Amino acid sequence: MAQATTGRHFLAIPGPTVIPDRVLRAMNTPMVNIYEGPLIEMTKSLLPDLKMVAGTAGEAVIYIANGHGAWEGALANVIAPGDEVLVLESGRFAVGWGAQAAQMGAVVHTLDAPPRAGVDPAAVEAQLREDTGHKIKAILVVQVDTATGVWNDIQAIRKAIDAVGHPALYMVDCIACLGCVPFEMDEWGVDVMVAACQKGLMTPPGIGFNFIGEKAMAVRKAQGCRSAYWDWEPRVNPEMYYRIFCGTAPVQHIFGLREALDMMMEEGMESIFARHARLAGAVRAAVAHWGQGGPIGFNIAEDAARSDAVTTITTGDIDAAALRRICEDELCVTLGLGIGMDANSVFRIGHMGHVNEPMILGTLGAVELALSKMGASFERGGVEAAVAALG
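The sequence shown begins at 941 in this note's numbering and counts up one residue at a time.
Laid out in structure tokens, this is it:
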């Protein structure tokens, strides 16, 4: 089949996600005054809605940065060189956050999750019981790892920390899932949460967030921050309001994020979570059906630990790279490649943000057609299984 030249190409990767037309139109606006006027009021309006999505009454800081920048912002404010940090590994991204902490001078310890699974809260409790001197200053974990597709039980991990009475800051990365799955920062006892705009928040990459509880802010005030740019304090209490960005504001991103949050408020958070769960269920139904007749399967073994934002699919001896090429070049669907795993035996489907049933069914149909074109061994009818799951 020749490369398709009609219709729209669909991006099914787990971020950056599809940008709604409303957001694109909102960003298509002339430059405005960044020092006073409507932009200041619009920026102020973002913070309450962002904090509502995060489930916190704490502070919210907006960085002109991607998720890695948000990581660094969080670390720079509460981790000093020589501090010990515990990373709860469940894939590539908590490890990456820990590597960044090490580069900034922290002493990093890593607790690995069981294979093809999420963080084990009992193992966390056991590890912390060994830290009788409370040398560990922060615990880093992701709610959803974009690479492995795992969902970690943030509440259960908090209970494990509390069972030991450990005082470490509890820091959670929600970059892959904020606005896709429930997260209650204050209720779940999270001290710092980091996120970014390009996934569930449906805005082009370029804005990162830190959400900060009282305990973390007290640590920042006690030890200071060695970075002028990442420092929370002048962003939370700016001398001039435009200084919440430590300089020039990301004007078009503010317009886009405002529109995206408006869309989320219109749909309602419970409806958003239900939509993501429904679409994830359809993807899982298709993958499970395909796997009945061949090597296709889930990277995460237990259904309860699979995220509602992204599904990571193993292909065994089926060439996942060839599958992705057919979908990309012939069927106008871009699938996610494997990160930190063999790109020839793993692919990912993102089902986060501005997605609906036809978009997911179209993606699944493209995968099934590509598998057929390859002559791969699999059980046909995965799309019908997804339809049944949605029904």
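By construction, the Cβ of each residue, glycine as well, lies at the ideal position given by its N, Cα and C atoms. Keep in mind that this is a model prediction, so the values were computed, not measured.
On a CA-only basis, which of the options is nearest residue i? Give me that one, please.
i: L1304; options: S1317, G1322 and G1105; result: G1322
i: Q1095; options: T1274, A1261, L1311 and V1130; result: V1130
i: G1105; options: R1246, V1047, D961 and A1066; result: A1066
i: L1028; options: A1020, N1092, N968 and R1320; result: N1092
i: A1155; options: R1069, M1142 and M1111; result: The question names Ala, but residue 1155 is Lys in the sequence shown. That would be M1111, whose Cα lies nearest to the Cα of K1155.
i: P1235; options: A1316, D1171, R1264 and P1190; result: A1316
i: V1250; options: A1063, I953 and W1172; result: I953
i: S1030; options: E1070, V1018 and D1052; result: D1052
i: H1216; options: I1289, D989, K984 and G1007; result: I1289
i: G1280; options: I974, E1012 and A1087; result: A1087
i: A1135; options: L1068, G1233, V1001 and A1228; result: V1001
i: A1260; options: N1239, F1287, E1270 and K991; result: F1287
i: V1176; options: A966, D961 and K984; result: K984
i: K1099; options: P1061, M1209 and G977; result: P1061
i: T1143; options: Q1192, P1107, F1185 and F1238; result: Q1192
i: W1011; options: F1033, K991 and E999; result: F1033
i: M1180; options: E976, T969, H949 and A1214; result: E976
i: K1077; options: P1055, A1020, P988 and N1284; result: A1020
i: A1262; options: S1312, R1183 and Q1040; result: S1312
i: T946; options: E1210, E1270 and I1240; result: E1270
i: Y1003; options: K1075, M1125 and A1168; result: A1168
i: G1331; options: P1145, E1297 and E1319; result: E1297
i: L1356; options: N1284, P1178, M1299 and R1198; result: Not covered by the structure: residue 1356. The range shown for the chain is 941 to 1331.
i: E1268; options: S1285, F1185, A1310 and E1124; result: A1310
i: G1103; options: L1068, E1127 and G1038; result: For clarity, residue 1103 is Ala in the given sequence; the question names Gly instead. Checked all of L1068, E1127 and G1038; the closest Cα to A1103 is L1068.
i: Q1040; options: E1070, M1133 and H1008; result: H1008
i: M1314; options: T1274, R1320, I1266 and I1240; result: I1266
For residue i, name the three-state secondary structure that DSSP assigns.
i: A1096; result: helix
i: M941; result: Because M941 carries a pLDDT of 45, less than 50, the predicted location of this residue cannot be relied on, and the following value inherits that uncertainty. Looking at M941 - three-state DSSP - the assignment turns out to be coil, as it is neither helix nor strand.
i: N1017; result: helix
i: M971; result: coil
i: E1029; result: strand
i: H1049; result: strand
i: K1161; result: helix
i: D1113; result: strand
i: M982; result: helix
i: W1011; result: helix
i: M1133; result: strand
i: V1081; result: strand
i: E1319; result: coil
i: E1324; result: helix
i: I1076; result: strand
i: G1038; result: helix
i: A1141; result: Correcting the residue identity first, residue 1141 is Leu in this sequence and not Ala. Of the three classes helix, strand and coil, the one that applies to L1141 here is coil, per DSSP.
i: V963; result: helix
i: A952; result: coil
i: E1154; result: helix
i: V1064; result: helix
i: A1329; result: helix
i: T946; result: coil
i: A1000; result: strand
i: L1121; result: Per the sequence shown, the amino acid found at residue 1121 is Val instead of Leu. Looking at V1121 - three-state DSSP - the assignment turns out to be strand.
i: V1059; result: coil
i: V958; result: coil
Assuming residue i and residue j form a contact by the criterion Cβ under 8 Å, report the distance between their Cβ atoms to the nearest whole angstrom.
i: V963; j: A1200; result: 5 Å
i: W1170; j: A1042; result: Contact flag wrong, Cβ pair sits at about 17 Å.
i: I1152; j: W1172; result: 6 Å
i: G1058; j: T1252; result: So it is not a contact: roughly 13 Å between Cβ atoms.
i: V1064; j: I1115; result: Not quite, the Cβ-Cβ distance comes to about 21 Å (not below 8 Å), so this is no contact.
i: I1212; j: M1204; result: 6 Å
i: V1159; j: L1109; result: 7 Å
i: L1301; j: A1326; result: 6 Å
i: M967; j: G1276; result: With 8 Å as the limit, M967 and G1276 do not qualify as a contact, their Cβ atoms being about 25 Å apart.
i: P1145; j: N1006; result: 6 Å
i: H949; j: T1274; result: 7 Å
i: R1198; j: M982; result: 6 Å
(request) Answer yes if the stretch 1284-1300 comes into contact with the stretch 1110-1120, meaning at least three C-beta pairs across the two stretches below 8 Å, and no otherwise. (result) yes
(message) Measuring CB atoms only, is the stretch 1042-1051 touching the stretch 1022-1030, in the sense that at least three cross pairs come out at less than 8 Å?
(response) yes
(message) Report the start-end ranges of each alpha helix (DSSP H) in the stretch 1164-1237 that is 4 residues or longer and not cut off at the edges.
(response) 1173-1176, 1191-1207 and 1209-1230
(message) Does the stretch 1157-1172 come into contact with the stretch 1221-1232, if we say contact requires no fewer than three beta-carbon pairs (one atom in each stretch) closer than 8 Å?
(response) no
(message) Using 8 Å as the cut-off, can you tell me whether the stretch 1133-1152 makes contact with the stretch 948-963, which would need three or more C-beta pairs spanning the two stretches below that distance?
(response) yes
(request) Flag this pair as touching only if the stretch 979-995 and the stretch 1226-1246 have three or more C-beta atom pairs under 8 Å; answer yes or no. (result) no
(message) My parser needs the alpha helix (DSSP H) runs of 4 or more residues fully inside the stretch 1225-1312; what are they?
(response) 1260-1271
(message) Assess contact between the stretch 1255-1262 and the stretch 1076-1083, defined as three or more Cβ pairs (one per stretch) separated by less than 8 Å. Is contact present?
(response) no
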